[in-house]
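S.K.:
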Amino acid sequence: MNRLELEAQKAELAALAPELLERPKAETGPKELPPLPDAVEGNVVLRLAPYPSGPLHIGNARAFVLNDAYAKRYRGKLLLVFDDTIGSEEKPLLPEAFDQVKEGLDWAGVEYHEVLYKSDRIPIHYEWGERLIATGEAYVCECDAETLRRNRETALACVHRSQDVDETLAMWKAMLAGTYGEGEAVVRLKTDVAHPNPAFRDRVLFRVAEREHPRVGARYRVWPMLEFSWAVDDHLLGVTHVIRGKDLIMEDLMETRIWDLLEVARRPRFVHFGILRFKDLELSKSRYRREIAEGRLTGIDDPRTWSLQSLMRRGIRPAALREFVLSFGLSQSDIEVAAETLYAENRKRIDKDANRYFFVPEPVPIAIEGLPPVSSVKAPLHPDFPGRGERTLPVDGKVAVARADFEKFRGQEVRLKDFCNVRLDRPARFLSMENRDIPKIQWVDHGVTTVVLMPSGFESRGLAEPAVADLRVDTVVQFERVGFVRIDRVSRAEVRACFAHR
RNA sequence: GCUCCCGUAGUCUAGUGGCCAAGGAUAGAAGCCUCUCGAGCUUCUGACACGGGUUCAAAUCCCGUCGGGAGCACCA
87 MNRLELEAQK
97 AELAALAPEL
107 LERPKAETGP
117 KELPPLPDAV
127 EGNVVLRLAP
137 YPSGPLHIGN
147 ARAFVLNDAY
157 AKRYRGKLLL
167 VFDDTIGSEE
177 KPLLPEAFDQ
187 VKEGLDWAGV
197 EYHEVLYKSD
207 RIPIHYEWGE
217 RLIATGEAYV
227 CECDAETLRR
237 NRETALACVH
247 RSQDVDETLA
257 MWKAMLAGTY
267 GEGEAVVRLK
277 TDVAHPNPAF
287 RDRVLFRVAE
297 REHPRVGARY
307 RVWPMLEFSW
317 AVDDHLLGVT
327 HVIRGKDLIM
337 EDLMETRIWD
347 LLEVARRPRF
357 VHFGILRFKD
367 LELSKSRYRR
377 EIAEGRLTGI
387 DDPRTWSLQS
397 LMRRGIRPAA
407 LREFVLSFGL
417 SQSDIEVAAE
427 TLYAENRKRI
437 DKDANRYFFV
447 PEPVPIAIEG
457 LPPVSSVKAP
467 LHPDFPGRGE
477 RTLPVDGKVA
487 VARADFEKFR
497 GQEVRLKDFC
507 NVRLDRPARF
517 LSMENRDIPK
527 IQWVDHGVTT
537 VVLMPSGFES
547 RGLAEPAVAD
557 LRVDTVVQFE
567 RVGFVRIDRV
577 SRAEVRACFA
587 HR
């Protein structure tokens, strides 16, 4: 407030508390995550709970990166627990998703110490469910979904709520025995039918589903809901901290409520992070899955899915993804970030490694008149590291340049980079060899057919210099003035590359 | 509407009562360098949502307003 009297304030402070003036400047080290509440080094147990409806995508990154980072930081344990309860019609389980999820996590450098499946633990959930029913705090409700919803809206208790425990227990057995069909009975927790949050009014804990499960088939027809299965498993598995998105905040309250009723003492702490969104991107596993099935996307590594597999394919480094995600910290505010930020992080890592090559999209063949006899020229593999060597570009007087360059520079003097200066036209006229300060464009001679798959799904076709055909698959290179790409496939007929970013 | 959460530059973030006339990253601008529109170097633009309080001192604590978000499924 009193900026003008800063000196006066300092003087006063010196009188009041001189030590405050001498606090050392905080050192600006590498960014660290805030500590986890009550975390004890070596004693932290975290869990990752993917729902296997498809491969993990970039929108899931916050969950697995944070859990992994904290597990490592505290030298704790990270459990990979597939949350494969039966799901819903709209959100079905996908048998191949289990491996796809692991593949993505492995790529991302996530170290999980144990793999568990919810679907293996159903009998345990039954047992605890029965214990809960025995307390009288849960009941089997035969209302249909519509009635249930209406009652919830109007804060009304249904007749089932006041059944006695024995009757409920009998109904529960009947549920397990298969007396009830899908939608005919659920187990509900007595919270409060008039709870201010309607979502909280007597939540469903178990329901009947007759769908087949990809791992356990038709063995079970009664399936627990997320909050109940986690209340049981977080406790039994000794999870110390649940790090989850804040979209799951209500589940904390449910889990806590269940622990209270079952008198469970050992409970994890909850930590939440905000929703991560990408500008101009709407991520949805179920939608990608549908579009892949319809052939509108080419597969789980189609760049348009933003799956971890697709990032891998584009040459995004796992470390870049990790840094990118960690830079958001653990804040509860929702964030919307541009993919460009991830690219900047990745560019830092690949620029030094990526050798340079020429690629011309939409090639226009051009003969050069008056060219002195040359059979090849050399160009550095990387301009910043001359010691890395050179590549050889063969020349026989008929080059190809990009249509965009041709149209832009037609009739003007340009330099075919690392080669010669010409007046660009069809044909082009040779001018001189020496490097002049005029626009440089890329060119190829004896080019190899090359396709660059763009993030939009568009395939940019063109010609690359011959050396590109000798690159190993998985190499990340830069096509000059185009961008960084990862070599995806090399065959006699063509080279295919995936575009990473500029 | 109800419950809960969050508001620092275009975006993301540091900051937990004095070191902050607010630091970093990214994006943007200018220049240098470079046989790429990449990288590198230099410089610049740009923020504490608002209003009250508490205090010698507030981005930081309290209250209110405004704004944004999440959840409100027999999905996870």
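Okay, so the first sequence: first residue is 87 according to the working numbering, each after it adds one.
For glycine and all other residues, C-beta sits at the position ideal for the given N, C-alpha and C.
Values in this document were obtained by computation on a predicted structure and should not be read as measured data.
Taking a contact to mean a Cβ-Cβ separation below 8 angstroms, would you say residue 550 touches residue 533 in this structure?
M.R.: Here residue 550 refers to the residue found at position 464 of the first sequence. Here residue 533 refers to the residue found at position 447 of the first sequence. Yes, they are a contact pair.
S.K.: Grab the span of the beta strand (DSSP E) containing residue 469 for me, first residue to last.
M.R.: Stepping through the first sequence from its first residue, residue 469 is reached at position 383. That residue, residue 469, is in no beta strand (DSSP E); it is neither H nor E in DSSP.
S.K.: Check each candidate in 319, 202, 510 and name the one with the smallest Cα separation from residue 453.
M.R.: Taking the first residue of the first sequence as position 1, residue 453 is located at position 367. For the residues 319, 202, 510, the minimum Cα distance to residue 453 belongs to 510.
S.K.: Could you please give me the residues that DSSP links to residue 227 through a beta bridge?
M.R.: For the purposes of this step, residue 227 is taken as the residue at position 141 of the first sequence. 272.
S.K.: DSSP state of residue 577, grouped into three classes?
M.R.: Taking the first sequence and counting its residues from 1, one reaches residue 577 at position 491. It is coil, neither helix nor strand.
S.K.: Please report the distance separating the alpha-carbon of residue 397 from that of residue 403.
M.R.: One-based indexing of the first sequence puts residue 397 at position 311. One-based indexing of the first sequence puts residue 403 at position 317. For residue 397 and residue 403, the distance between alpha carbons rounds to 8 angstroms.
S.K.: Taking 7 angstroms as the limit between beta carbons, can you name the residues of its chain near residue 374, skipping five residues before and five after?
M.R.: Working through the first sequence from its first residue, we reach residue 374 at position 288. So the list reads 140, 383, 391, once near-sequence residues are dropped.
S.K.: Should residue 218 and residue 344 be called a contact, given that it needs their Cβ atoms to be closer than 8 angstroms?
M.R.: The residue given as residue 218 occupies position 132 in the first sequence. The residue given as residue 344 occupies position 258 in the first sequence. Yes, Cβ-Cβ distance for residue 218 and residue 344 is below 8 angstroms.
S.K.: Less than 8 angstroms between the C-beta atoms of residue 326 and residue 129, yes or no?
M.R.: As a working mapping, residue 326 is identified with position 240 in the first sequence. As a working mapping, residue 129 is identified with position 43 in the first sequence. Yes.
S.K.: Look up residue 455 in the DSSP assignment and say whether it is helix, strand or coil.
M.R.: One-based indexing of the first sequence puts residue 455 at position 369. Reduced to three states, the DSSP call for residue 455 is strand.
S.K.: Label residue 241 either buried or exposed according to how many other C-beta atoms from any shown protein chain fall within 10 Å of its C-beta, with 16 as the threshold for buried.
M.R.: As a position in the first sequence, residue 241 is number 155, starting the count at 1. Exposed.
S.K.: Using 8 angstroms as the threshold, is the stretch 225-238 in touch with the stretch 269-283, meaning 3 or more CB pairs across them?
M.R.: Because the criterion of three Cβ pairs below 8 angstroms is met, the stretch 225-238 and the stretch 269-283 touch.
S.K.: Rounded C-beta distance between residue 547 and residue 389? I'm assuming under 8 angstroms.
M.R.: Position 461 of the first sequence, counting from 1, holds the residue named residue 547. Position 303 of the first sequence, counting from 1, holds the residue named residue 389. Wrong, their Cβ atoms sit about 16 angstroms apart, outside the cutoff.
S.K.: Since residue 438 sits in a beta bridge, which residues does DSSP pair it with?
M.R.: As a first step, residue 438 must be located in the first sequence, where it is residue number 352. Its beta-bridge partners do not exist; DSSP assigns none.
S.K.: Counting pairs of beta carbons, one from the stretch 245-258 and one from the stretch 354-363, are three or more of them closer than 8 angstroms?
M.R.: Too few Cβ pairs lie closer than 8 angstroms, so no.
S.K.: Suppose contacts are defined by Cβ-Cβ distances below 8 angstroms. Is residue 156 in contact with residue 329 by that definition?
M.R.: Position 70 of the first sequence, counted from the start, is the residue given in the question as residue 156. Position 243 of the first sequence, counted from the start, is the residue given in the question as residue 329. The answer is yes: Cβ separation under 8 angstroms.
S.K.: Keeping to the same chain, check which residues put their C-beta closer than 8 angstroms to that of residue 386; ignore five residues upstream and five downstream.
M.R.: Locating residue 386 in the first sequence gives position 300, counting from the first residue. Cβ neighbours of residue 386 beyond the five flanking positions: 140, 141, 186, 374, 378, 393, 395, 396.
S.K.: Leaving out five residues before and five after residue 472 in sequence, what residues of the same chain have Cβ atoms less than 8 angstroms from its Cβ?
M.R.: Reading the first sequence from its first residue, position 386 is the one you call residue 472. Cβ within range, chain order: 466.
S.K.: What does DSSP give as the partner residues of residue 612 in its beta bridges?
M.R.: Residue coverage of the chain in this structure runs from 87 to 588, which leaves residue 612 outside it and unanswerable.
S.K.: Under 8 angstroms, with one C-beta from each stretch per pair, do the stretch 435-447 and the stretch 399-416 reach the 3-pair mark?
M.R.: They touch, by the three-pair rule.
S.K.: Using DSSP with H/G/I as helix, E/B as strand and the rest coil, what is residue 188?
M.R.: For the purposes of this step, residue 188 is taken as residue 102 along the first sequence, with counting starting at 1. DSSP places residue 188 in helix when its eight states are reduced to three.
S.K.: Compute the Euclidean distance between the alpha carbons of residue 583 and residue 480, then round it to the nearest angstrom.
M.R.: Here the question's residue 583 lines up with position 497 in the first sequence. Here the question's residue 480 lines up with position 394 in the first sequence. Computed Cα separation, rounded: 22 angstroms.
S.K.: Going by other Cβ atoms of all chains shown within 10 Å of its Cβ, with 16 needed for buried, is residue 578 buried or exposed?
M.R.: Walking along the first sequence from the start, residue 578 turns up at place 492. By the 10 Å Cβ count, residue 578 comes out exposed.
S.K.: May I ask which residues mark the beginning and end of the alpha helix (DSSP H) holding residue 614?
M.R.: Because the chain is modelled from 87 through 588, residue 614 falls outside the range shown and cannot be assessed.
S.K.: How many Å lie between residue 283 and residue 543 at the Cα?
M.R.: Here residue 283 refers to the residue found at position 197 when the first sequence is read from its first residue. Here residue 543 refers to the residue found at position 457 when the first sequence is read from its first residue. Cα-Cα distance, rounded: 43 angstroms.
S.K.: Hey, quick one: how far does the alpha helix (DSSP H) through residue 209 stretch, first residue to last?
M.R.: On the first sequence, position 123 is the one that residue 209 refers to. Residues 208-220.
S.K.: Contact check, residue 409 vs residue 365 under 8 angstroms by CB: the rounded distance?
M.R.: Against the first sequence, residue 409 aligns to sequence position 323. Against the first sequence, residue 365 aligns to sequence position 279. Residue 409 to residue 365, Cβ: 19 angstroms. No contact.
S.K.: Give me the Cα-Cα distance between residue 564 and residue 297, rounded to the nearest whole angstrom.
M.R.: Stepping through the first sequence from its first residue, residue 564 is reached at position 478. Stepping through the first sequence from its first residue, residue 297 is reached at position 211. Going from the Cα of residue 564 to the Cα of residue 297 covers about 49 angstroms.
S.K.: Report all residues from its chain with a CB closer than 6 angstroms to the CB of residue 243; omit the five preceding and five following residues, and keep chain order.
M.R.: As a first step, residue 243 is located in the first sequence; it is residue number 157 there, counting from the start. Closer than 6 angstroms at Cβ, skipping near neighbours: 279.
S.K.: List the DSSP bridge partners of residue 365.
M.R.: Along the first sequence, read from residue 1 onward, the residue named residue 365 stands at position 279. According to DSSP, residue 365 bridges with nothing at all.
S.K.: Comparing C-alpha positions only, which one of 269, 268, 214 sits nearest to residue 348?
M.R.: Position 262 of the first sequence, counted from the start, is the residue given in the question as residue 348. Nearest C-alpha to residue 348: 214.
S.K.: Can you tell me where the alpha helix (DSSP H) holding residue 409 begins and where it ends?
M.R.: Sequence index remark: in the first sequence, residue 409 carries index 323 (1-based). Taken as a continuous stretch (DSSP letters only), the alpha helix (DSSP H) holding residue 409 covers 404-412.
S.K.: Give the single residue among 262, 199, 270 whose Cα lies nearest to the Cα of residue 231.
M.R.: Taking the first residue of the first sequence as position 1, residue 231 is located at position 145. That would be 270, whose Cα lies nearest to the Cα of residue 231.
S.K.: Please report the distance separating the alpha-carbon of residue 588 from that of residue 306.
M.R.: The sequence position of residue 588 within the first sequence is 502, counting from 1. The sequence position of residue 306 within the first sequence is 220, counting from 1. Each residue's Cα considered, the two are about 51 angstroms apart.
S.K.: Sort out for me which residues DSSP pairs residue 506 with in a bridge.
M.R.: As a position in the first sequence, residue 506 is number 420, starting the count at 1. According to DSSP, residue 506 bridges with 502.
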